[in-house]
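Residue numbers (this note's numbering): 2 to 522. Take a look at the structure set out below.
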(Lines of atoms letter the chains of each structure in order from A; the text may use other names.)
(Lines give C-alpha, C1' and ligand atoms only; values in the text may rest on other atoms or scores of the structure.)
Protein backbone atom coordinates (compact mmCIF):
# COMPACT_ATOMS: atom_id res chain seq x y z
CA UNK A 2 0.00 0.00 0.00
CA UNK A 3 2.83 2.39 0.87
CA UNK A 4 4.55 1.79 -2.49
CA UNK A 5 1.31 2.32 -4.41
CA UNK A 6 0.52 5.48 -2.44
CA UNK A 7 3.99 6.94 -3.03
CA UNK A 8 3.80 6.06 -6.74
CA UNK A 9 0.35 7.66 -7.05
CA UNK A 10 1.47 10.84 -5.32
CA UNK A 11 4.50 11.06 -7.62
CA UNK A 12 2.47 10.53 -10.79
CA UNK A 13 -0.26 12.90 -9.58
CA UNK A 14 2.33 15.57 -8.85
CA UNK A 15 3.81 15.29 -12.35
CA UNK A 16 0.35 15.32 -13.95
CA UNK A 17 -0.49 18.53 -12.09
CA UNK A 18 2.85 20.04 -13.14
CA UNK A 19 2.17 19.24 -16.79
CA UNK A 20 -1.32 20.70 -16.59
CA UNK A 21 0.08 23.90 -15.10
CA UNK A 22 2.85 24.03 -17.72
CA UNK A 23 0.38 23.66 -20.58
CA UNK A 24 -2.00 26.22 -19.10
CA UNK A 25 0.89 28.68 -18.79
CA UNK A 26 2.03 28.05 -22.36
CA UNK A 27 -1.52 28.50 -23.66
CA UNK A 28 -1.55 32.01 -22.16
CA UNK A 29 2.12 32.95 -22.50
CA UNK A 30 3.24 35.95 -24.52
CA UNK A 31 3.37 35.06 -28.21
CA UNK A 32 6.64 36.91 -28.60
CA UNK A 33 8.28 34.52 -26.11
CA UNK A 34 6.56 31.43 -27.57
CA UNK A 35 7.95 32.29 -31.01
CA UNK A 36 11.51 32.42 -29.64
CA UNK A 37 11.40 28.99 -27.96
CA UNK A 38 11.65 25.87 -30.10
CA UNK A 39 8.69 23.53 -29.65
CA UNK A 40 11.05 20.57 -29.29
CA UNK A 41 12.66 22.12 -26.22
CA UNK A 42 9.27 22.70 -24.63
CA UNK A 43 8.32 19.10 -25.42
CA UNK A 44 11.48 17.90 -23.68
CA UNK A 45 10.44 19.91 -20.63
CA UNK A 46 7.04 18.24 -20.61
CA UNK A 47 8.43 14.73 -20.89
CA UNK A 48 11.96 14.57 -19.46
CA UNK A 49 12.04 17.31 -16.83
CA UNK A 50 8.65 16.49 -15.35
CA UNK A 51 9.47 12.76 -15.21
CA UNK A 52 12.80 13.47 -13.52
CA UNK A 53 10.96 15.46 -10.86
CA UNK A 54 8.60 12.51 -10.31
CA UNK A 55 11.47 10.09 -9.88
CA UNK A 56 13.10 12.39 -7.36
CA UNK A 57 9.86 12.95 -5.48
CA UNK A 58 8.88 9.28 -5.28
CA UNK A 59 12.33 7.86 -4.53
CA UNK A 60 14.76 10.32 -3.04
CA UNK A 61 12.58 12.44 -0.77
CA UNK A 62 10.89 9.54 1.08
CA UNK A 63 14.13 7.59 1.46
CA UNK A 64 16.00 10.70 2.60
CA UNK A 65 13.41 11.23 5.32
CA UNK A 66 13.82 7.66 6.56
CA UNK A 67 17.62 7.86 6.53
CA UNK A 68 17.83 11.18 8.34
CA UNK A 69 15.41 9.92 10.99
CA UNK A 70 17.62 6.87 11.57
CA UNK A 71 20.73 9.06 11.77
CA UNK A 72 19.14 11.37 14.35
CA UNK A 73 18.04 8.45 16.56
CA UNK A 74 21.39 6.66 16.36
CA UNK A 75 23.44 9.82 16.96
CA UNK A 76 21.31 10.48 20.04
CA UNK A 77 21.97 6.96 21.27
CA UNK A 78 25.72 7.37 20.70
CA UNK A 79 25.87 10.61 22.68
CA UNK A 80 23.76 9.04 25.42
CA UNK A 81 26.20 6.12 25.79
CA UNK A 82 29.46 8.08 25.41
CA UNK A 83 29.59 11.65 24.17
CA UNK A 84 33.39 11.64 23.74
CA UNK A 85 33.41 8.62 21.43
CA UNK A 86 30.46 10.09 19.51
CA UNK A 87 32.44 13.28 18.87
CA UNK A 88 35.46 11.24 17.71
CA UNK A 89 33.41 9.29 15.19
CA UNK A 90 31.45 12.30 13.91
CA UNK A 91 34.28 14.86 13.97
CA UNK A 92 35.07 14.27 10.29
CA UNK A 93 31.45 14.49 9.13
CA UNK A 94 31.50 18.29 8.49
CA UNK A 95 34.40 17.73 6.08
CA UNK A 96 32.48 14.92 4.40
CA UNK A 97 29.44 17.15 3.93
CA UNK A 98 31.68 19.91 2.58
CA UNK A 99 33.02 17.54 -0.08
CA UNK A 100 29.50 16.30 -0.71
CA UNK A 101 28.31 19.87 -1.23
CA UNK A 102 30.93 20.33 -3.94
CA UNK A 103 29.73 17.17 -5.67
CA UNK A 104 26.11 18.34 -5.38
CA UNK A 105 26.94 21.59 -7.18
CA UNK A 106 28.71 19.70 -9.94
CA UNK A 107 25.76 17.32 -10.16
CA UNK A 108 23.21 20.10 -10.53
CA UNK A 109 25.30 21.93 -13.13
CA UNK A 110 25.86 18.81 -15.22
CA UNK A 111 22.18 17.84 -14.98
CA UNK A 112 21.10 21.30 -16.12
CA UNK A 113 23.44 21.07 -19.10
CA UNK A 114 22.28 17.54 -19.88
CA UNK A 115 18.63 18.62 -19.87
CA UNK A 116 19.46 21.55 -22.15
CA UNK A 117 21.23 19.26 -24.58
CA UNK A 118 18.30 16.83 -24.48
CA UNK A 119 15.98 19.72 -25.31
CA UNK A 120 18.23 20.73 -28.22
CA UNK A 121 18.16 17.14 -29.46
CA UNK A 122 14.36 17.09 -29.27
CA UNK A 123 14.26 20.37 -31.21
CA UNK A 124 16.59 18.95 -33.85
CA UNK A 125 14.50 15.79 -34.28
CA UNK A 126 11.27 17.80 -34.54
CA UNK A 127 12.79 20.16 -37.10
CA UNK A 128 14.27 17.34 -39.20
CA UNK A 129 11.02 15.36 -39.30
CA UNK A 130 9.09 18.43 -40.45
CA UNK A 131 11.68 19.16 -43.14
CA UNK A 132 12.28 15.58 -44.29
CA UNK A 133 11.32 16.27 -47.91
CA UNK A 134 13.87 19.09 -48.10
CA UNK A 135 16.52 17.00 -46.32
CA UNK A 136 16.15 14.21 -48.88
CA UNK A 137 15.80 16.53 -51.87
CA UNK A 138 19.15 18.13 -51.00
CA UNK A 139 20.72 14.79 -50.00
CA UNK A 140 21.50 15.99 -46.48
CA UNK A 141 20.64 12.80 -44.59
CA UNK A 142 24.28 12.34 -43.60
CA UNK A 143 24.59 15.92 -42.37
CA UNK A 144 21.47 15.62 -40.23
CA UNK A 145 22.65 12.27 -38.86
CA UNK A 146 25.95 13.91 -37.88
CA UNK A 147 24.12 16.79 -36.17
CA UNK A 148 21.95 14.32 -34.25
CA UNK A 149 24.98 12.24 -33.24
CA UNK A 150 26.77 15.38 -32.04
CA UNK A 151 23.75 16.43 -29.93
CA UNK A 152 23.42 12.92 -28.48
CA UNK A 153 27.12 12.78 -27.60
CA UNK A 154 26.98 16.20 -25.92
CA UNK A 155 24.04 15.05 -23.79
CA UNK A 156 25.96 11.85 -22.96
CA UNK A 157 29.03 13.85 -21.93
CA UNK A 158 27.11 15.93 -19.39
CA UNK A 159 25.22 12.86 -18.17
CA UNK A 160 28.51 11.09 -17.46
CA UNK A 161 29.84 14.15 -15.64
CA UNK A 162 26.87 13.87 -13.33
CA UNK A 163 27.39 10.13 -12.96
CA UNK A 164 31.03 10.65 -11.95
CA UNK A 165 30.04 13.32 -9.42
CA UNK A 166 27.46 10.93 -7.94
CA UNK A 167 29.98 8.08 -7.81
CA UNK A 168 32.44 10.19 -5.77
CA UNK A 169 29.90 11.01 -3.05
CA UNK A 170 29.93 7.60 -1.33
CA UNK A 171 33.74 7.24 -1.13
CA UNK A 172 34.05 10.66 0.53
CA UNK A 173 31.61 9.57 3.25
CA UNK A 174 33.31 6.18 3.61
CA UNK A 175 36.83 7.62 3.86
CA UNK A 176 36.15 10.29 6.45
CA UNK A 177 33.81 8.09 8.48
CA UNK A 178 36.55 5.45 8.49
CA UNK A 179 38.96 7.94 10.08
CA UNK A 180 36.41 8.56 12.81
CA UNK A 181 36.00 4.84 13.49
CA UNK A 182 39.78 4.36 13.63
CA UNK A 183 40.14 7.13 16.22
CA UNK A 184 37.28 5.72 18.29
CA UNK A 185 38.74 2.21 18.27
CA UNK A 186 42.20 3.53 19.20
CA UNK A 187 40.96 5.50 22.19
CA UNK A 188 38.63 2.68 23.22
CA UNK A 189 41.62 0.31 23.22
CA UNK A 190 43.67 2.60 25.44
CA UNK A 191 40.75 3.03 27.85
CA UNK A 192 40.17 -0.72 27.85
CA UNK A 193 43.81 -1.39 28.76
CA UNK A 194 43.49 1.00 31.70
CA UNK A 195 40.25 -0.67 32.74
CA UNK A 196 38.15 2.45 32.18
CA UNK A 197 35.87 0.87 29.56
CA UNK A 198 33.99 -2.43 29.64
CA UNK A 199 33.75 -4.61 26.55
CA UNK A 200 29.94 -4.62 26.66
CA UNK A 201 29.76 -0.84 26.78
CA UNK A 202 32.21 -0.55 23.90
CA UNK A 203 30.38 -3.11 21.74
CA UNK A 204 27.03 -1.41 22.33
CA UNK A 205 28.46 1.92 21.31
CA UNK A 206 30.19 0.51 18.20
CA UNK A 207 26.98 -1.25 17.15
CA UNK A 208 25.14 2.08 17.13
CA UNK A 209 28.06 3.67 15.27
CA UNK A 210 28.09 0.92 12.62
CA UNK A 211 24.32 1.14 12.17
CA UNK A 212 24.63 4.85 11.40
CA UNK A 213 26.99 4.20 8.48
CA UNK A 214 24.42 2.72 6.04
CA UNK A 215 21.84 5.54 6.25
CA UNK A 216 24.62 8.15 6.03
CA UNK A 217 25.98 6.57 2.84
CA UNK A 218 22.48 6.25 1.38
CA UNK A 219 21.69 9.86 2.27
CA UNK A 220 24.88 11.03 0.56
CA UNK A 221 23.96 9.18 -2.64
CA UNK A 222 20.38 10.42 -2.57
CA UNK A 223 21.55 13.99 -1.99
CA UNK A 224 23.28 13.94 -5.36
CA UNK A 225 20.24 12.37 -7.02
CA UNK A 226 18.14 15.11 -5.47
CA UNK A 227 20.20 17.64 -7.43
CA UNK A 228 18.93 16.13 -10.69
CA UNK A 229 15.35 16.72 -9.60
CA UNK A 230 16.15 20.24 -8.43
CA UNK A 231 17.75 21.09 -11.79
CA UNK A 232 14.68 19.77 -13.62
CA UNK A 233 12.35 21.60 -11.23
CA UNK A 234 14.19 24.85 -11.90
CA UNK A 235 13.43 24.53 -15.63
CA UNK A 236 9.81 23.47 -15.12
CA UNK A 237 8.98 26.20 -12.61
CA UNK A 238 10.79 28.67 -14.84
CA UNK A 239 7.92 28.10 -17.28
CA UNK A 240 5.12 27.88 -14.71
CA UNK A 241 6.21 31.04 -12.88
CA UNK A 242 6.86 33.05 -16.04
CA UNK A 243 5.08 36.38 -15.88
CA UNK A 244 2.24 36.92 -18.34
CA UNK A 245 2.46 40.51 -19.54
CA UNK A 246 -0.87 40.54 -21.36
CA UNK A 247 -3.35 40.49 -18.49
CA UNK A 248 -7.03 41.28 -18.51
CA UNK A 249 -7.98 44.47 -16.67
CA UNK A 250 -9.72 43.83 -13.32
CA UNK A 251 -12.68 45.95 -14.44
CA UNK A 252 -12.84 44.48 -17.96
CA UNK A 253 -16.34 44.23 -19.39
CA UNK A 254 -17.70 42.16 -22.29
CA UNK A 255 -17.38 43.87 -25.65
CA UNK A 256 -20.62 45.68 -26.49
CA UNK A 257 -20.53 45.02 -30.22
CA UNK A 258 -22.82 47.25 -32.26
CA UNK A 259 -21.46 47.97 -35.75
CA UNK A 260 -18.02 46.36 -35.78
CA UNK A 261 -15.91 49.46 -36.42
CA UNK A 262 -12.15 49.03 -35.82
CA UNK A 263 -10.05 52.07 -34.97
CA UNK A 264 -6.30 52.45 -34.47
CA UNK A 265 -5.49 55.74 -32.72
CA UNK A 266 -1.87 56.89 -32.98
CA UNK A 267 -0.61 53.34 -32.40
CA UNK A 268 3.09 52.65 -31.88
CA UNK A 269 4.55 49.23 -31.17
CA UNK A 270 7.90 47.43 -30.97
CA UNK A 271 8.65 43.76 -30.32
CA UNK A 272 12.06 44.91 -29.11
CA UNK A 273 12.67 48.42 -27.69
CA UNK A 274 15.29 49.28 -30.29
CA UNK A 275 13.24 48.05 -33.26
CA UNK A 276 10.03 50.01 -33.89
CA UNK A 277 7.47 48.11 -35.96
CA UNK A 278 4.64 50.67 -35.94
CA UNK A 279 4.95 54.41 -35.39
CA UNK A 280 1.94 56.70 -34.97
CA UNK A 281 -0.52 54.64 -37.05
CA UNK A 282 -4.08 55.97 -37.18
CA UNK A 283 -6.64 54.05 -39.20
CA UNK A 284 -10.38 53.42 -39.13
CA UNK A 285 -12.02 50.34 -40.65
CA UNK A 286 -15.69 51.33 -41.12
CA UNK A 287 -18.33 48.75 -40.20
CA UNK A 288 -19.18 46.37 -43.01
CA UNK A 289 -16.30 47.64 -45.19
CA UNK A 290 -13.00 46.13 -46.34
CA UNK A 291 -9.62 47.77 -45.73
CA UNK A 292 -6.58 46.26 -47.45
CA UNK A 293 -3.06 46.60 -46.03
CA UNK A 294 -0.23 46.51 -48.56
CA UNK A 295 3.46 47.20 -48.27
CA UNK A 296 6.93 45.65 -48.24
CA UNK A 297 7.76 42.77 -45.95
CA UNK A 298 8.35 44.00 -42.40
CA UNK A 299 6.27 47.15 -42.80
CA UNK A 300 3.93 46.23 -39.93
CA UNK A 301 0.91 44.69 -41.67
CA UNK A 302 0.76 41.49 -39.61
CA UNK A 303 1.38 43.48 -36.44
CA UNK A 304 -1.85 45.45 -36.98
CA UNK A 305 -3.72 42.15 -37.22
CA UNK A 306 -2.01 40.87 -34.05
CA UNK A 307 -2.94 44.06 -32.17
CA UNK A 308 -6.58 43.76 -33.27
CA UNK A 309 -6.76 40.30 -31.69
CA UNK A 310 -4.87 41.65 -28.66
CA UNK A 311 -2.05 39.18 -29.02
CA UNK A 312 0.01 42.22 -27.98
CA UNK A 313 -0.78 45.65 -26.53
CA UNK A 314 0.46 48.81 -28.27
CA UNK A 315 3.26 50.75 -26.58
CA UNK A 316 1.39 53.98 -27.30
CA UNK A 317 -2.06 54.80 -28.57
CA UNK A 318 -4.97 52.40 -28.50
CA UNK A 319 -7.03 49.98 -30.53
CA UNK A 320 -10.79 50.36 -30.22
CA UNK A 321 -13.81 48.45 -31.48
CA UNK A 322 -17.02 50.45 -31.59
CA UNK A 323 -15.27 53.09 -29.49
CA UNK A 324 -14.25 50.64 -26.73
CA UNK A 325 -10.55 50.31 -25.92
CA UNK A 326 -9.91 46.59 -26.31
CA UNK A 327 -7.59 46.66 -23.25
CA UNK A 328 -10.71 47.26 -21.15
CA UNK A 329 -12.91 44.51 -22.58
CA UNK A 330 -12.67 40.81 -21.79
CA UNK A 331 -10.36 38.87 -24.07
CA UNK A 332 -13.01 36.18 -24.45
CA UNK A 333 -15.65 38.58 -25.80
CA UNK A 334 -13.10 40.32 -28.05
CA UNK A 335 -11.92 37.16 -29.77
CA UNK A 336 -15.43 35.77 -30.01
CA UNK A 337 -16.21 38.76 -32.24
CA UNK A 338 -13.31 38.10 -34.64
CA UNK A 339 -12.58 35.36 -37.18
CA UNK A 340 -9.07 34.83 -38.53
CA UNK A 341 -7.96 33.23 -41.81
CA UNK A 342 -4.19 33.08 -42.27
CA UNK A 343 -1.96 32.66 -45.29
CA UNK A 344 -0.74 29.31 -43.96
CA UNK A 345 -3.87 27.63 -42.55
CA UNK A 346 -3.55 25.83 -39.22
CA UNK A 347 -5.37 22.51 -38.96
CA UNK A 348 -5.26 20.06 -36.06
CA UNK A 349 -4.79 16.30 -36.24
CA UNK A 350 -8.50 15.69 -35.90
CA UNK A 351 -11.50 15.14 -38.15
CA UNK A 352 -12.50 17.65 -40.82
CA UNK A 353 -15.75 18.33 -38.97
CA UNK A 354 -13.91 19.04 -35.71
CA UNK A 355 -11.52 21.40 -37.51
CA UNK A 356 -14.38 23.37 -39.06
CA UNK A 357 -16.17 23.64 -35.71
CA UNK A 358 -12.97 24.35 -33.76
CA UNK A 359 -13.72 26.43 -30.69
CA UNK A 360 -17.41 25.53 -30.59
CA UNK A 361 -19.10 22.99 -28.33
CA UNK A 362 -21.36 21.19 -28.98
CA UNK A 363 -20.76 20.76 -32.71
CA UNK A 364 -23.73 21.53 -34.96
CA UNK A 365 -23.26 19.06 -37.82
CA UNK A 366 -25.73 20.76 -40.15
CA UNK A 367 -23.97 24.09 -39.59
CA UNK A 368 -20.63 22.41 -40.32
CA UNK A 369 -21.96 21.14 -43.65
CA UNK A 370 -23.44 24.54 -44.54
CA UNK A 371 -20.12 26.24 -43.74
CA UNK A 372 -18.24 23.72 -45.90
CA UNK A 373 -20.64 24.29 -48.80
CA UNK A 374 -20.21 28.06 -48.50
CA UNK A 375 -16.43 27.56 -48.57
CA UNK A 376 -16.64 25.34 -51.69
CA UNK A 377 -15.27 22.45 -49.63
CA UNK A 378 -18.26 20.11 -49.36
CA UNK A 379 -17.68 18.26 -52.63
CA UNK A 380 -14.06 17.32 -51.98
CA UNK A 381 -14.90 16.39 -48.37
CA UNK A 382 -17.60 13.98 -49.51
CA UNK A 383 -15.07 12.40 -51.87
CA UNK A 384 -12.88 11.40 -48.92
CA UNK A 385 -13.20 7.88 -47.43
CA UNK A 386 -14.94 9.00 -44.22
CA UNK A 387 -16.30 12.36 -45.33
CA UNK A 388 -16.44 14.83 -42.47
CA UNK A 389 -15.03 12.17 -40.11
CA UNK A 390 -11.78 11.93 -42.09
CA UNK A 391 -8.73 12.85 -40.04
CA UNK A 392 -6.49 15.45 -41.68
CA UNK A 393 -3.16 14.32 -40.20
CA UNK A 394 -0.54 16.41 -38.44
CA UNK A 395 -0.94 20.08 -39.47
CA UNK A 396 -3.45 18.95 -42.13
CA UNK A 397 -0.70 17.19 -44.05
CA UNK A 398 -3.12 14.70 -45.67
CA UNK A 399 -4.87 17.52 -47.55
CA UNK A 400 -3.65 19.76 -50.36
CA UNK A 401 -2.92 23.45 -49.80
CA UNK A 402 -6.17 24.52 -51.44
CA UNK A 403 -8.18 22.00 -49.42
CA UNK A 404 -6.62 23.16 -46.15
CA UNK A 405 -7.38 26.76 -47.04
CA UNK A 406 -11.02 26.02 -47.76
CA UNK A 407 -11.34 24.17 -44.44
CA UNK A 408 -9.90 27.26 -42.71
CA UNK A 409 -12.42 29.48 -44.51
CA UNK A 410 -15.23 27.11 -43.54
CA UNK A 411 -14.07 27.44 -39.92
CA UNK A 412 -14.41 31.23 -40.16
CA UNK A 413 -17.85 30.89 -41.78
CA UNK A 414 -18.94 28.50 -39.03
CA UNK A 415 -17.85 30.99 -36.37
CA UNK A 416 -19.96 33.70 -38.05
CA UNK A 417 -18.06 36.56 -36.38
CA UNK A 418 -18.86 40.14 -37.44
CA UNK A 419 -15.16 41.08 -37.82
CA UNK A 420 -12.88 39.22 -40.22
CA UNK A 421 -9.08 39.35 -40.36
CA UNK A 422 -7.41 37.93 -43.47
CA UNK A 423 -3.74 37.35 -44.19
CA UNK A 424 -4.19 36.89 -47.97
CA UNK A 425 -5.33 33.26 -47.97
CA UNK A 426 -4.91 32.80 -51.75
CA UNK A 427 -1.33 34.01 -52.19
CA UNK A 428 0.27 30.55 -52.19
CA UNK A 429 -2.38 28.71 -54.23
CA UNK A 430 -2.46 27.73 -57.88
CA UNK A 431 -4.93 29.46 -60.18
CA UNK A 432 -7.59 26.73 -60.01
CA UNK A 433 -7.51 26.49 -56.21
CA UNK A 434 -7.34 30.28 -55.93
CA UNK A 435 -10.52 30.74 -57.95
CA UNK A 436 -12.44 28.40 -55.63
CA UNK A 437 -11.02 29.95 -52.46
CA UNK A 438 -11.58 33.50 -53.73
CA UNK A 439 -15.24 32.75 -54.41
CA UNK A 440 -15.59 31.35 -50.89
CA UNK A 441 -13.87 34.41 -49.43
CA UNK A 442 -16.17 36.84 -51.21
CA UNK A 443 -19.15 35.13 -49.63
CA UNK A 444 -17.45 35.20 -46.22
CA UNK A 445 -16.57 38.91 -46.46
CA UNK A 446 -20.04 40.06 -47.41
CA UNK A 447 -21.57 42.23 -44.67
CA UNK A 448 -18.55 41.96 -42.37
CA UNK A 449 -15.87 44.40 -41.24
CA UNK A 450 -12.73 43.12 -42.96
CA UNK A 451 -9.07 43.96 -42.41
CA UNK A 452 -6.98 42.08 -44.96
CA UNK A 453 -3.28 41.83 -45.66
CA UNK A 454 -3.31 41.87 -49.45
CA UNK A 455 -0.78 40.48 -51.90
CA UNK A 456 -2.92 40.11 -55.01
CA UNK A 457 -4.33 42.87 -57.15
CA UNK A 458 -7.67 41.08 -57.43
CA UNK A 459 -8.12 41.46 -53.66
CA UNK A 460 -6.82 45.01 -53.45
CA UNK A 461 -9.02 46.42 -56.22
CA UNK A 462 -12.17 45.29 -54.41
CA UNK A 463 -11.21 46.95 -51.11
CA UNK A 464 -13.09 50.05 -49.97
CA UNK A 465 -9.80 51.52 -48.73
CA UNK A 466 -6.16 50.63 -49.39
CA UNK A 467 -3.52 51.58 -46.81
CA UNK A 468 0.11 51.42 -47.91
CA UNK A 469 2.57 50.82 -45.05
CA UNK A 470 6.29 51.44 -45.11
CA UNK A 471 8.64 51.21 -42.10
CA UNK A 472 5.73 51.13 -39.66
CA UNK A 473 3.85 54.15 -41.03
CA UNK A 474 0.88 54.60 -43.36
CA UNK A 475 2.42 56.49 -46.28
CA UNK A 476 -0.53 56.33 -48.68
CA UNK A 477 -4.25 55.65 -48.41
CA UNK A 478 -7.09 55.63 -50.91
CA UNK A 479 -8.80 53.56 -53.61
CA UNK A 480 -6.91 51.60 -56.24
CA UNK A 481 -7.27 54.07 -59.10
CA UNK A 482 -6.24 57.16 -57.16
CA UNK A 483 -3.22 55.46 -55.58
CA UNK A 484 -2.14 54.11 -58.96
CA UNK A 485 -2.21 57.63 -60.38
CA UNK A 486 0.02 59.09 -57.63
CA UNK A 487 3.18 57.32 -58.72
CA UNK A 488 4.15 56.58 -55.10
CA UNK A 489 5.05 53.39 -53.24
CA UNK A 490 1.84 51.65 -54.33
CA UNK A 491 2.79 52.17 -57.97
CA UNK A 492 6.38 51.05 -57.35
CA UNK A 493 5.21 47.86 -55.65
CA UNK A 494 2.97 47.14 -58.62
CA UNK A 495 5.77 47.88 -61.08
CA UNK A 496 8.25 45.69 -59.17
CA UNK A 497 5.88 42.76 -59.22
CA UNK A 498 5.10 42.95 -62.93
CA UNK A 499 8.33 44.38 -64.34
CA UNK A 500 6.49 47.27 -66.01
CA UNK A 501 8.82 49.97 -67.31
CA UNK A 502 7.73 53.56 -67.27
CA UNK A 503 4.63 54.83 -65.52
CA UNK A 504 1.84 52.89 -63.91
CA UNK A 505 0.11 50.46 -66.22
CA UNK A 506 -3.34 49.33 -65.23
CA UNK A 507 -3.98 45.61 -65.71
CA UNK A 508 -5.77 44.65 -68.88
CA UNK A 509 -9.14 42.93 -68.67
CA UNK A 510 -8.71 39.31 -67.68
CA UNK A 511 -5.31 39.89 -66.07
CA UNK A 512 -6.42 40.86 -62.58
CA UNK A 513 -6.27 37.34 -61.19
CA UNK A 514 -2.61 36.77 -62.06
CA UNK A 515 -1.02 39.86 -60.52
CA UNK A 516 0.18 40.84 -57.06
CA UNK A 517 0.58 44.24 -55.48
CA UNK A 518 2.83 43.77 -52.47
CA UNK A 519 5.80 41.74 -51.56
CA UNK A 520 4.78 38.71 -49.51
CA UNK A 521 4.12 39.97 -45.97
CA UNK A 522 5.22 38.93 -42.57
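We put the beta carbon where it would ideally sit given N, CA and C, even for glycine. Fair warning: this is a prediction, and the values are worked out from it, not measured in the lab.
How is the beta strand (DSSP E) around residue 317 delimited, first residue to last? 316-321
Can you give me the Cβ contacts of residue 470 inside the same chain, cut-off strictly under 7 Å, excluding the 5 residues immediately before and after it? 295, 296, 299, 489
Write down every uninterrupted run of the alpha helix (DSSP H) in the stretch 380-467 whose length is 4 residues or greater and which is fully enclosed by it, in chain order. 401-415, 431-445, 457-461
According to the neighbour-count rule (16 or more other Cβ atoms, all chains shown, within 10 Å of its Cβ), is residue 17 buried or exposed? exposed
Would you check if the distance between the CB atom of residue 376 and the CB atom of residue 406 is smaller than 7 Å? yes
Can you tell me the Cα-Cα spacing of residue 256 and residue 463, whole angstroms? 26 Å
Assuming residue 41 contacts residue 120 under a Cβ cut-off of 8 Å, what Cβ separation, rounded to an integer in Å, is found between them? 7 Å
Classification of residue 266 by the beta-carbon crowding that lies within 10 angstroms, buried from 16 upward: exposed
If you run the structure through DSSP and keep just helix, strand and coil, what is residue 11? helix
Go ahead and pull the three-state DSSP assignment for residue 280. strand
How many Å lie between residue 232 and residue 424 at the Cα? 43 Å
CA nearest to the CA of residue 356, picked from 389, 324, 343: 389
Nearest to residue 319 (by Cα), restricted to the options 332, 304, 333, 330: 304
Let me confirm a value: residue 156 is counted as buried when at least 16 other C-beta atoms fall within 10 Å, else exposed. Which label applies? exposed
For residue 472 and residue 279, which I take to be in contact (beta-carbon distance under 8 Å), what is that distance rounded to the nearest angstrom? 4 Å
Cβ contact (3+ pairs, closer than 8 Å) linking the stretch 333-344 and the stretch 246-263: yes
Local conformation of residue 216 per DSSP, three classes: helix
So, residue 113 versus residue 46, is the Cβ gap smaller than 7 Å? no
Which partner residues does residue 290 have in the DSSP bridge list? 450
If residue 71 sits next to residue 215, beta carbons under 8 Å apart, how far is it from one beta carbon to the other, in whole angstroms? 5 Å
What is the residue span of the beta strand (DSSP E) that residue 472 lies within? First-last for residue 472: undefined, no H or E at that position.
Roughly how many angstroms separate the alpha carbons of residue 293 and residue 466, rounded to a whole number? 6 Å
What would DSSP say about residue 247, mapped onto helix, strand or coil? coil
With distance defined between alpha-carbon atoms, name the residue in 455, 481, 374 nearest to residue 442. 374
What residue from 85, 322, 408, 379 has the CA that sits closest to residue 182's CA? 85
Alpha carbon to alpha carbon, how far is residue 56 from residue 283? 56 Å
Report the option in 468, 367, 20 whose CA atom is closest to the CA atom of residue 592. The requested residue 592 is not part of the displayed model; the chain covers only 2 to 522.
Sequence-distant residues of the same chain with beta carbon closer than 6 Å to residue 396, five excluded per side: 347, 404
Is the Cβ-Cβ distance between residue 28 and residue 110 less than 7 Å? no
Taking the straight line between their C-alpha atoms, what separation do you get for residue 152 and residue 311? 37 Å
Compare the Cα-Cα distances from residue 323 to each of 264, 314, 476, 10 and report the closest residue. 264
Tell me the rounded alpha-carbon separation between residue 409 and residue 439. 11 Å
For residue 20, is the classification buried or exposed, using 16 other Cβ atoms within 10 angstroms of its Cβ as the cut-off for buried? exposed
What's the C-alpha gap between residue 368 and residue 30? 32 Å
Quick check on residue 37: does DSSP put it in helix, strand or coil? coil
Cα-Cα, which of 137, 68, 149 is closest to residue 218? 68
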